[in-house]
Amino acid sequence: MVSDGQVTFVSELLSKPAQKLSRYGWYANVRLQRFQIPEETAIARWLFSVKKGHTFNCGQHNVSIHLRWGAPPVINPTESVFPNATLWSPSLSLVLPVVSQSSMTFNLSDPAPGDWYVAAHLPEDDGRIEQKGFPSCSFVFQPQLSIRRAVDTPVLQPGTFLTQTAAPDTPARLKLYVPEFVSSLSISVADCSSGGAAETDGCSLLLTLGSAALQQGTVTVNCSGLSCSAFLSDPPWDSWLQVVVDSSRVNRTVTFTVLSNFTVGCKPESVGLQADGDLAKLRGSSSSSSAGNGSVESDALVFNKSAVLLAPACVWSVPVLYEEMDVLSLRFTPVSGPNVSVTDTNPTLLTYPLHTYASGGTLNLQLTLNSTNTSIGSSSVLACFTPSAPVLELNSSRPCRTALFEGYSVGVNVSAPKAVLRLPFPQSATWFLTLQLTCNSSDCGNSSVVSVVPEVFVSACVEDCGPHGDCRLLRSYSYLYAACVCSTGWRGWGCTDGSMAQSYLRQVTATLLLTLSNLFFLPAIVVAFKRSYVTEAAVYLFTMFFSTFYHACDQPGVAVMCIMDYDALQYCDFLGSVCAIWVTILCMARVTHTVKYTLFMLGALLIAMSMQLDRKGLWNLLGPILCAILFMVITWVYRGVRRRHCYPPSWQRWVFFLIPGALCALVGVCLYIFAETENNYYYTHSLWHILVASCVVFLLPPKEKNAEELGWTRGWSWSWRPRLCGYTLCENNKKELYTVT
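Following this line, the structure appears as structure tokens:
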């Protein structure tokens, strides 16, 4: 704890667990962390550390770090096109070069209190498919935050003088509460003195209002005269505003007085719900209307619009119903019904509270002019959508912004009756929608009151990612957010950028390659049957069937066919592929039927278990292969030592079968592990199917000499004659039957 004589500061340290970074392909590859900065924080210092996870040389990589207040950062590393009518707030972006281990710090003075989000990722994904379990370059990212917070900041009361002292290294820190309906705020500094003597050449103070939030700016005034003041129009409502006064002269301590004043230019009358009885009617009407068209029809809740518009008020405040529909799905409905009246004299105000758990979705605004408003001529309805505070006066010349925040402006008229605005990852705050009818001249046509339909709702993704993507719900510890994963080469925040999209012909070609390449298992099945390996042939048939239909269901485009659940198809494909290799190598070992089929069954059960635990692990493929090869080598060495001759003894078997089969298997495994990318997957994986099926034909051993067709061993009899043993004695050696008397 540190004290400077006026304000006491405490220090706090926050740390997040280290996470492995990924190359950016879509937003799920981003490592998102959330930090909570308390009120009255003077300095926030982030420490970003990145460490390489392996010892071999991975080269230098640049880690991109994004920082934003109030909501996760909206990023676009691929420079794709955003959907129409989609806007977003910028975030701070940093680049950290990493060779083996690097770190960097970022300092922010007077940060805005609340949630701060840190997102980190590696450069854009190069498309290479890395097999799980195989060593690869990895980088671990860990953010830490240290803050210096004031615990006894003086409160500046409106209309009350407060005497403070500011030094170059010790600024005066104050705070004041801004209630709702404040239209303007002024803070004045006067009576400057230094060392007991009045300042004759000015205060030499720097007056700063607000907190730093990256997407909002503080208001700073240089007090060079005997007094100065700062003025804020439309300050943030229902919040604490930070005031910092710093001395701009070296080695000069200045004592001064500070005064604040509020102006409430417009405070609307209470409108809408008035008693608990109305709330009960609202609950009943909402449940009944949900079964119909979703409109509230209760007489107690419908506004008397003519009475409201004739009332002496400066703003028409419309109450809004807040409904939670689903995860990251909210809907705001005006209690008076979907239509809202707008005039040219005073603005209409609607309030939309947006909590932290909703900032991970997309805030949508749709403004529609009622089709009955045909008498407004060339006039239009302007709308200003702002966080934290509303704009209480709208016209074509005034920008849509408040004292500290930029707003979003839309408009509708007869020629363009509908306007849409989408805000991905909106700031967690109370949002205000201000509506007003503006006239090109002093005449607004035949009507001074028009009706519009404002629809405000929160959805998980922008237009549910459209036809070329899927909306996925993501999680960073307890925080939920959503993003689009695009298919067939489509990109962008809403999967609307088709600059690299795959054509229909390419999608069909990819599906045909991946499915029809499995037909190369047919020669292996025929050879297995001809050589009396019925069990092996059944495994190959199982593998061919499920691999074909799994890849037919696995395609991201339009050429898709699923005969059963996708997860079941994937499991059967992976299980059949490994079992096919397992039974082939064990068959090459040429052991007795009892040992072989015991190992078949035991291996299939163990492979099924490992596939259930982690079906995409590299050792689920290499483990059975290595174990089977080790067993085969042991049996071959044992046979060679016993016979004093290399096994298999025929050089033709080695040259024409074993070596070509081993080469096919080796090339196929190398393609599967090292060469597959997102772009060439259709070709390399199809070649993997062909090579695996071909190596089975080469490696499958010849027919056993003591085996007949269909794999039945000699001595098996298809005829069967019952022989009773109980009261009779069966003696097989003599083939005679003796009756027991």
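The opening residue of the sequence shown carries number 1065 in our numbering; numbering runs sequentially from there.
Built from N, CA and C at the ideal position, the CB exists for glycine as well.
Computed from a predicted model, the values in this text were never measured in an experiment.
Through-space distance from residue j to residue i, alpha-carbon basis
| i | j | result |
| --- | --- | --- |
| threonine 1150 | valine 1484 | 9 Å |
| lysine 1239 | serine 1268 | 21 Å |
| valine 1328 | isoleucine 1251 | 15 Å |
| aspartate 1629 | phenylalanine 1610 | 12 Å |
| serine 1492 | asparagine 1171 | 23 Å |
| methionine 1168 | alanine 1294 | 36 Å |
| serine 1542 | glutamine 1097 | 11 Å |
| tryptophan 1403 | asparagine 1434 | A quick correction: the sequence has asparagine, not tryptophan, at residue 1403. Asparagine 1403 and asparagine 1434: Cα-Cα distance of roughly 8 Å. |
| lysine 1115 | leucine 1131 | 20 Å |
| isoleucine 1859 | phenylalanine 1205 | The question about residue 1859 has no answer here: the residues shown for the chain are numbered 1065 through 1805. |
| glycine 1725 | lysine 1196 | 26 Å |
| glutamate 1076 | valine 1624 | 54 Å |
| leucine 1468 | glycine 1475 | 23 Å |
| tryptophan 1646 | leucine 1186 | 38 Å |
| tyrosine 1181 | alanine 1135 | 7 Å |
| leucine 1270 | serine 1460 | 34 Å |
| glutamine 1280 | methionine 1673 | 55 Å |
| serine 1444 | threonine 1432 | 12 Å |
| phenylalanine 1606 | aspartate 1637 | 8 Å |
| leucine 1365 | leucine 1385 | Residue placement at leucine 1365 cannot be trusted, given a pLDDT of 34 that sits under 50; the coordinates are not used to answer. |
| valine 1071 | glutamate 1388 | 43 Å |
| serine 1551 | glutamine 1566 | 9 Å |
| valine 1283 | glycine 1553 | 45 Å |
| cysteine 1330 | valine 1246 | 8 Å |
| lysine 1084 | aspartate 1255 | 57 Å |
| asparagine 1315 | valine 1074 | 25 Å |
| valine 1807 | arginine 1706 | Coverage of the chain is limited to positions 1065 through 1805, which leaves residue 1807 absent and any answer about it impossible. |
| asparagine 1410 | aspartate 1302 | 23 Å |
| arginine 1087 | histidine 1125 | 10 Å |
| serine 1473 | proline 1463 | 8 Å |
| serine 1359 | valine 1382 | Unreliable positioning characterises serine 1359 in this predicted model, as indicated by a pLDDT of 36, which lies under 50. The coordinate reading is nonetheless provided below. When rounded, the distance between both Cα atoms is 16 Å. |
| serine 1563 | leucine 1458 | 40 Å |
| leucine 1078 | serine 1164 | 24 Å |
Which listed residue (the options) has its alpha carbon closest to that of residue i
| i | options | result |
| --- | --- | --- |
| alanine 1644 | Ala1623, His1615 and Tyr1597 | Tyr1597 |
| serine 1248 | Cys1728, Asn1744, Leu1735 and Thr1466 | Thr1466 |
| tyrosine 1661 | Ser1674, Ser1303, Ser1293 and Glu1600 | Glu1600 |
| serine 1160 | Pro1383, Ala1254, Phe1112 and Ala1574 | Residue 1160 is actually leucine in this sequence, not serine. When each option's Cα is compared against that of leucine 1160, the closest is Phe1112. |
| phenylalanine 1099 | Pro1177, Cys1122, Pro1154 and Leu1764 | Pro1177 |
| alanine 1524 | Thr1217, Gly1425 and Asp1390 | Gly1425 |
| glutamine 1228 | Thr1317, Phe1245 and Gln1165 | Thr1317 |
| valine 1219 | Val1138, Gly1289, Ser1258 and Val1322 | Val1322 |
| proline 1299 | Val1285, Glu1244, Asp1255 and Val1253 | Glu1244 |
| asparagine 1093 | Leu1538, Tyr1614, Leu1690 and Ile1627 | Leu1538 |
| cysteine 1728 | Ile1754, Arg1706, Tyr1746 and Tyr1747 | Ile1754 |
| valine 1697 | Thr1409, Pro1712, Ala1480 and Trp1683 | Pro1712 |
| arginine 1570 | Cys1691, Phe1721, Arg1087 and Asn1743 | Asn1743 |
| tyrosine 1747 | Trp1700, Ser1758 and Leu1735 | Leu1735 |
| tryptophan 1090 | Pro1451, Phe1489, Trp1557 and Ser1324 | Trp1557 |
CB-CB length for residue i against residue j, believed under 8 Å
| i | j | result |
| --- | --- | --- |
| alanine 1236 | valine 1309 | 4 Å |
| arginine 1192 | alanine 1106 | Rounded, the Cβ-Cβ distance is 46 Å, inconsistent with contact. |
| isoleucine 1589 | tyrosine 1604 | 5 Å |
| leucine 1414 | leucine 1497 | 4 Å |
| leucine 1639 | serine 1750 | Not confirmed; about 20 Å, so no contact. |
| alanine 1277 | leucine 1209 | That belief does not hold up - the Cβ atoms of alanine 1277 and leucine 1209 are roughly 16 Å apart, past 8 Å. |
| proline 1833 | glutamate 1527 | Residue 1833 falls outside the range modelled here, since the chain spans only 1065 to 1805, and no answer is possible. |
| cysteine 1651 | proline 1765 | 6 Å |
| threonine 1648 | leucine 1763 | 6 Å |
| proline 1688 | valine 1642 | 5 Å |
| alanine 1184 | valine 1138 | Not confirmed; about 15 Å, so no contact. |
| alanine 1653 | phenylalanine 1695 | 6 Å |
DSSP bridge partner residues for residue i (one or two, in chain order)
| i | result |
| --- | --- |
| valine 1156 | The sequence given here places leucine at residue 1156; valine does not occur at that position. DSSP, once it has assigned bridges, lists Leu1131 as partnering leucine 1156. |
| aspartate 1390 | Ser1393 |
| tryptophan 1683 | Tryptophan 1683 pairs with nothing; no bridge assigned. |
| isoleucine 1101 | Gly1178 |
| asparagine 1410 | None, per the DSSP bridge assignment. |
| histidine 1125 | Val1162 |
| glycine 1475 | Leu1446 |
| glycine 1533 | Cys1550 |
| valine 1520 | Phe1396 and Leu1429 |
For this session: Could you tell me which uninterrupted alpha helix (DSSP H) segments, each at least 4 residues in length, are contained entirely in the stretch 1565-1645, listed from first to last along the chain?
Result: 1568-1580, 1585-1594 and 1598-1617
Exercise. In chain order, which alpha helix (DSSP H) runs of at least 4 residues are fully inside the stretch 1723-1751?
Worked result: 1723-1734
Problem set entry | Sequence ranges, alpha helix (DSSP H) only - wholly within the stretch 1671-1715, length at least 4 | 1683-1707
Problem set entry | alpha helix (DSSP H) runs contained entirely in the stretch 1479-1518, provided each spans 4 or more residues | none
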